[in-house]
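Colleague: Going down the list, the protein sequences come from chains G and X. Counting in the UniProt record's numbering, the first sequence runs from 1 upward without gaps. Counting in the UniProt record's numbering, the second sequence runs from 1 upward without gaps. Here a beta-carbon is modelled for each residue, glycine too, at the ideal position from N, C-alpha and C. Bear in mind the structure is a predicted one, so any value in this text is a computation, not a measurement. Just passing along the structure, written as structure tokens.
There are 2 protein chains.
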Amino acid sequence: MPWLTSQAPESDVVLSSRIRLARNFRKIPFPNRADFEQLAAVLQLTDGAIPAVADAAHRHFGRYAMDKLTKLQREVLVDKRLITENLVKNPQDRVAFLADDASVSLLVNEEDHLRIQCMRAGLDLEQAYALASAIDDAIEGQLDLAFDEKMGYLTSCPTNLGTGLRASVVLHLPGLVYTRNINNIINISQQLGLSLRALYGDDKEVVGNLFQVSNQLTLGFSEEEIIGNLKSAVTEIIAHERRARKALSLYMKEHLEDGIWRAYGTLRYARLLTEKEVLTLFSKVRLGIDMRLIKEVSADCYPEILIGSRTSWLEILAGTENMSSGELDKLRAETVRRALAAHPGEGRQQA
Amino acid sequence: MPWLTSQAPESDVVLSSRIRLARNFRKIPFPNRADFEQLAAVLQLTDGAIPAVADAAHRHFGRYAMDKLTKLQREVLVDKRLITENLVKNPQDRVAFLADDASVSLLVNEEDHLRIQCMRAGLDLEQAYALASAIDDAIEGQLDLAFDEKMGYLTSCPTNLGTGLRASVVLHLPGLVYTRNINNIINISQQLGLSLRALYGDDKEVVGNLFQVSNQLTLGFSEEEIIGNLKSAVTEIIAHERRARKALSLYMKEHLEDGIWRAYGTLRYARLLTEKEVLTLFSKVRLGIDMRLIKEVSADCYPEILIGSRTSWLEILAGTENMSSGELDKLRAETVRRALAAHPGEGRQQA
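As structure tokens, then:
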């Protein structure tokens with residue numbers, strides 16, 4: 001997953017940025033109201049536009065028909081956030097075009113006829129938007145899209161009307177969680193028309209301190225305004241997170257470091273690990289690496305651990321879906337140990 | 001502590017063996033009834049016999065007057081089990097003669113005028129008794145001891161009458177604790193006239209899975225019978241412990257290994273460790289090393305970790321008794337990490 005690399009802007013707090021554009025073809029009903037003939041027509045139109053899209057994106061695309069994939073293959077794509085669960089529900093005539101570097105997904109017949117998704121590592125909404133926009137232009141050059149002078153792009157769900165744009169950023173916020181400031185930030189985000197919610201876990205228990213923030217409004221603002229608004233909010237959150245980490249390292253130094261190193265020791269040596277446990281421990285280890293406390297392992301381990309701890313990925317690795325939870329936990333622990341060993345840092349191990 | 005070495009008989013289960021002989025001088029009241037003049041006389045008599053003792057033991061002895069030591073120095077000697085708490089209570093005229101290799105302690109004016117203690121690593125009661133007996137002979141060659149044809153050696157407390165012999169062995173019994181067989185073993189030991197009790201912690205919570213087993217009876221049996229009886233009981237317990245470990249590694253392999261490796265990860269990386277936590281984690285790590293699961297660290301770390309985790313030792317190390325519990329926990333974690341790093345095993349780290 002190149003877009004999860006640690007060599008990216010603000011990567012101590014921001015995992016990734018994503019732009020999604022919702023588009024529909026004129027004179028064909030939205031997917032939830034279309035018959036199979038109409039869905040097939042949407043797919044045919046898109047197939048015809050892919051060469052132009054590939055040209056505009058400077059990328060090669062693979063074509064993944066949902067009804068040709070196994071359940072497990074689909075799960076892995078969902079876990080990697082390349083496709084949505086929605087695309088998988090009724091697989092017939094649902095297709096994903098995925099760029100080889102996993103930075104672009106084109107979803108056909110999801111909630112809308114076409115969804116253009118562009119991912120970048122770190123905080124990089126502009127580049128993600130530039131790419132999505134180039135792809136959008138290539139499609140508009142070939143096909144007739146449903147656009148209304150007053151309403152903008154027409155979409156299946158009214159929350160996407162107008163720009164059809166959803167910009168989102170995944171944030172690692174252990175500082176705000178540990179200093180109990182996260183709820184303030186969530187409230188303020190809502191007041192700013194943004195949605196901030198846990199990526200894993202629920203309201204009662206956030207798992208892994210990962211959050212996704214995205215715009216709520218798509219109508220009445222330009223794309224640049226939406227992205228600018230989200231970016232300035234994220235920049236604020238990053239500053240708050242860094243201040244929280246600094247406060248922790250000043251006022252709770254010993255306990256913070258102890259917790260981080262214990263998490264590292266457990267990830268490095270445990271023989272059984274659940275998915276939830278990896279996310280929880282890895283949040284601490286990541287904080288330790290980002291704060292330059294842990295130097296014996298490099299930030300390059302992040303994507304491997306995040307992806308490698310997912311059950312779907314482990315099943316691919318093992319070549320079977322018939323594993324007990326004990327076997328999965330064992331393979332997960334092995335995968336995590338291997339990922340840590342594969343990415344040594346510059347610093348020698350501290351005695 | 002050479003007598004804690006891992007290169008000793010049955011050292012996968014037995015930490016150490018100890019023989020203690022209680023002796024008193026004729027015509028002087030027992031220490032709890034003696035005045036200072038009488039206590040001083042006991043000390044003077046012992047001082048005179050020390051050259052002969054050193055000769056017989058083939059060891060050099062240091063002389064440690066309890067009223068000349070700091071509180072901390074006395075605590076360290078108690079923690080190392082070289083002296084007893086009893087010797088420290090009223091320090092005046094209480095003296096310990098300690099062999100340079102820590103294998104022999106002669107305590108003057110403890111509960112009895114003289115207590116001869118000999119320690120050996122692993123299960124080696126015979127050698128410990130041979131040494132104690134040689135020292136006893138040297139003393140009897142010089143001084144007049146309180147001995148009754150019918151009662152044997154006279155002692156301050158009637159439980160020591162007869163041989164004045166207490167033989168004891170320290171055992172590491174994680175297998176019996178984890179398989180919940182330890183209470184059976186404790187009951188059977190009592191029926192055999194032995195006392196088996198936790199070395200740390202209490203009846204409700206054993207800390208570190210360390211137990212001490214010793215003879216209860218000193219009268220009516222010869223020294224050889226007492227030692228033989230204890231040895232055969234210990235040999236039985238060792239067999240039970242090894243069977244329990246085998247059962248664990250057969251039926252709970254995954255959880256056992258996971259627990260052992262997590263304990264290792266925590267000991268190796270934690271920045272704050274309490275005394276109790278070290279004992280608990282170290283029991284698992286020791287089990288892992290003894291079962292040859294952990295090969296990256298050698299059994300030679302045992303004494304350093306057992307002694308190095310004690311508060312008194314850390315205070316000596318830091319040169320101050322005015323440390324907060326947080327500072328102690330930090331220094332303890334450092335000391336443990338250093339001990340593990342100082343004793344690498346033959347096996348490379350497992351990925």
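Closer than 7 angstroms between beta carbons: that is the criterion. Which residues of the stretch 264 to 286 of chain G meet it against chain X?
Modeller: If the cut-off is 7 angstroms between Cβ atoms, the stretch 264 to 286 of chain G has Y264, G265, T266, R268, Y269, A270, R271 and L272 near chain X.
Colleague: Which residues does DSSP pair with G:Y264 in a beta bridge?
Modeller: Stepping through the first sequence from its first residue, residue 264 of chain G is reached at position 264. According to DSSP, G:Y264 bridges with nothing at all.
Colleague: In chain X, which residues lie less than 8 angstroms from G:K330 when you measure between Cβ atoms?
Modeller: Counted from its first residue, the first sequence places residue 330 of chain G at position 330. Neighbours of G:K330 on chain X, chain order: E254.
Colleague: Judging by CA-CA distance, which residue of G:V14, G:F30 and G:R286 is the nearest neighbour of G:A146?
Modeller: Here residue 146 of chain G refers to the residue found at position 146 when the first sequence is read from its first residue. Ranking G:V14, G:F30 and G:R286 by Cα distance to G:A146 puts G:F30 first.
Colleague: Could you list which residues in chain X have their beta carbon closer than 7 angstroms to that of G:R262, in chain order?
Modeller: Translated into positions along the first sequence, residue 262 of chain G becomes position 262. Neighbours of G:R262 on chain X, chain order: T266, Y269 and A270.
Colleague: Taking CB distances under 9 angstroms as the criterion, tell me whether G:A318 reaches chain X.
Modeller: In the first sequence, the residue the question calls residue 318 of chain G occupies position 318. For G:A318, the closest Cβ of chain X is not nearer than 9 angstroms.
Colleague: Does DSSP classify X:V170 as helix, strand or coil?
Modeller: Residue mapping note: residue 170 of chain X aligns to position 170 of the second sequence, counting from 1. Looking at X:V170 - three-state DSSP - the assignment turns out to be strand.
Colleague: Could you tell me the alpha carbon to alpha carbon distance between X:V53 and X:L317, rounded to whole angstroms?
Modeller: Start at 1 with the first residue of the second sequence, and residue 53 of chain X comes out as number 53. Start at 1 with the first residue of the second sequence, and residue 317 of chain X comes out as number 317. About 32 angstroms.
Colleague: Which residue or residues does DSSP assign as beta-bridge partners of G:C118?
Modeller: Translated into the one-based positions of the first sequence, residue 118 of chain G becomes position 118. G:C118 pairs with G:I19 and G:V104.
Colleague: Check the C-beta distance from G:G162 over to G:R23 and give it rounded, since I have them as a contact under 8 angstroms.
Modeller: Along the first sequence, read from residue 1 onward, the residue named residue 162 of chain G stands at position 162. Along the first sequence, read from residue 1 onward, the residue named residue 23 of chain G stands at position 23. 12 angstroms between Cβ atoms; not a contact.
Colleague: Measure the C-alpha to C-alpha separation of X:L72 and X:E321 and round it to an integer number of angstroms.
Modeller: On the second sequence, residue 72 of chain X is found 72 positions in, with the first residue counted as 1. On the second sequence, residue 321 of chain X is found 321 positions in, with the first residue counted as 1. When rounded, the distance between both Cα atoms is 8 angstroms.
Colleague: Rounded to the nearest angstrom, how far is the Cβ of X:I294 from that of X:Y251, given a contact under 8 angstroms?
Modeller: Along the second sequence, one-based indexing puts residue 294 of chain X at 294. Along the second sequence, one-based indexing puts residue 251 of chain X at 251. Incorrect: roughly 20 angstroms between the Cβ atoms, too far for contact.
Colleague: Looking at the structure shown, is G:V207 part of a helix, part of a strand, or coil, going by DSSP?
Modeller: Within the first sequence, the letter at position 207 stands for residue 207 of chain G. Coil at G:V207, not helix or strand.
Colleague: When you compare each of G:Y302, G:I307 and G:H343 to G:A8 by their alpha carbons, which one comes out closest?
Modeller: Stepping through the first sequence from its first residue, residue 8 of chain G is reached at position 8. The option with the nearest alpha carbon to G:A8 is G:Y302.
Colleague: Quick one: list the residues of chain C neighbouring X:D290, beta-carbon separation under 9 angstroms, in chain order.
Modeller: Going by chain labels, chain C is absent from the structure shown, which instead holds the protein chains G and X.
Colleague: Under 8 angstroms, with one C-beta from each stretch per pair, do the stretch 268 to 280 of chain X and the stretch 323 to 342 of chain X reach the 3-pair mark?
Modeller: yes
Colleague: So for G:D148, helix, strand or coil by DSSP?
Modeller: Counted from its first residue, the first sequence places residue 148 of chain G at position 148. Three-state DSSP puts G:D148 in a strand.
Colleague: Which first and last residues belong to the beta strand (DSSP E) in which G:G228 is found?
Modeller: Within the first sequence, numbered from 1, the residue matching residue 228 of chain G stands at position 228. Note, G:G228: premise wrong, no beta strand (DSSP E); alpha helix (DSSP H) at E223 to Y251.
Colleague: Can you list the residues of chain G that X:D258 reaches, using a CB-CB cut of under 7 angstroms?
Modeller: In the second sequence, the residue the question calls residue 258 of chain X occupies position 258. Simply A270, R271 and L272.
Colleague: Answer with yes or no whether the minimum CB distance from G:A247 to chain X is below 9 angstroms.
Modeller: Within the first sequence, numbered from 1, the residue matching residue 247 of chain G stands at position 247. With 9 angstroms as the cut-off, G:A247 does not count as an interface residue toward chain X.
Colleague: In chain G, which residues lie less than 8 angstroms from X:G326 when you measure between Cβ atoms?
Modeller: Within the second sequence, numbered from 1, the residue matching residue 326 of chain X stands at position 326. Within 8 angstroms of the CB of X:G326, the CB atoms of chain G belong to E254, in sequence order along the chain.
Colleague: Starting from X:F36, follow the alpha helix (DSSP H) in both directions and report where the run begins and ends.
Modeller: As a position in the second sequence, residue 36 of chain X is number 36, starting the count at 1. Per DSSP, X:F36 belongs to the alpha helix (DSSP H) from F36 to A57.
Colleague: Kindly indicate which residue of X:R26, X:A138, X:R33 and X:G347 has the alpha-carbon position closest to the one of X:I289.
Modeller: As a first step, residue 289 of chain X is located in the second sequence; it is residue number 289 there, counting from the start. Scanning X:R26, X:A138, X:R33 and X:G347 for the CA closest to the CA of X:I289 turns up X:G347.
Colleague: Any C-beta of chain X sitting closer than 9 angstroms to the C-beta of G:A8?
Modeller: Walking along the first sequence from the start, residue 8 of chain G turns up at place 8. Judged by the 9 angstroms Cβ criterion, G:A8 is not in contact with chain X.
Colleague: Going by DSSP in three states, X:V76 sits in which element: helix, strand or coil?
Modeller: Indexing the second sequence from 1 puts residue 76 of chain X at position 76. It is helical.
Colleague: For X:A333 and chain G, any beta-carbon pair shorter than 9 angstroms?
Modeller: Residue numbering aside, residue 333 of chain X sits at position 333 when the second sequence is read from its first letter. At least one C-beta of chain G is nearer than 9 angstroms to the C-beta of X:A333.
Colleague: For a cutoff of 9 angstroms on Cβ pairs, would you count G:A351 as touching chain X?
Modeller: Start at 1 with the first residue of the first sequence, and residue 351 of chain G comes out as number 351. Residue placement at G:A351 is flagged as unreliable, the pLDDT there being 42, under the threshold of 50; a coordinate-derived value is accordingly withheld.
Colleague: Alpha carbons only, please: which of G:K284, G:R242, G:H240 and G:K246 is nearest the one belonging to G:A261?
Modeller: What you label residue 261 of chain G is simply residue 261 of the first sequence in a count that begins at 1. Before going on, a small fix: residue 261 of chain G reads as Trp here, not Ala. When each option's Cα is compared against that of G:W261, the closest is G:K284.
Colleague: Within the same chain, show all residues whose beta-carbon is closer than 6 angstroms to that of X:Q350, passing over the 5 residues directly before and after it, in chain order.
Modeller: As a position in the second sequence, residue 350 of chain X is number 350, starting the count at 1. Residue confidence is low: X:Q350 scores 45 on pLDDT, short of 50, so the model does not pin down where it sits. Its coordinate-derived value is still stated next. Around X:Q350: no qualifying Cβ.
Colleague: Do you know how far the Cα of X:H343 is from the Cα of X:A299?
Modeller: Indexing the second sequence from 1 puts residue 299 of chain X at position 299. Indexing the second sequence from 1 puts residue 343 of chain X at position 343. Taking the straight line from one Cα to the other gives about 8 angstroms.
Colleague: Out of X:E296, X:V108 and X:V104, which has the shortest C-alpha to C-alpha gap to X:G48?
Modeller: Residue 48 of chain X sits at position 48 when you count from the first residue of the second sequence. For the residues X:E296, X:V108 and X:V104, the minimum Cα distance to X:G48 belongs to X:V108.
Colleague: If we count Cβ pairs, one from each stretch, closer than 8 angstroms, do we get three or more for the stretch 98 to 107 of chain X versus the stretch 59 to 77 of chain X?
Modeller: yes
Colleague: Output the residue ranges of the alpha helix (DSSP H) runs that lie fully inside the stretch 282 to 350 of chain X and measure 4 residues or longer, sorted by chain position.
Modeller: Fully enclosed alpha helix (DSSP H) runs of 4 or longer: 301 to 308, 311 to 318 and 325 to 342.
Colleague: Helix, strand or coil for X:L217, going by three-state DSSP, please let me know.
Modeller: The residue given as residue 217 of chain X occupies position 217 in the second sequence. Reduced to three states, the DSSP call for X:L217 is coil.
Colleague: In this structure, how does DSSP classify X:R33 when only helix, strand and coil are distinguished?
Modeller: Mapped onto the second sequence, residue 33 of chain X falls at position 33. Of the three classes helix, strand and coil, the one that applies to X:R33 here is helix, per DSSP.
Colleague: Taking contact to mean 3 or more Cβ pairs, one atom from each stretch, closer than 8 angstroms, check whether the stretch 133 to 144 of chain X and the stretch 180 to 198 of chain X are in contact.
Modeller: no
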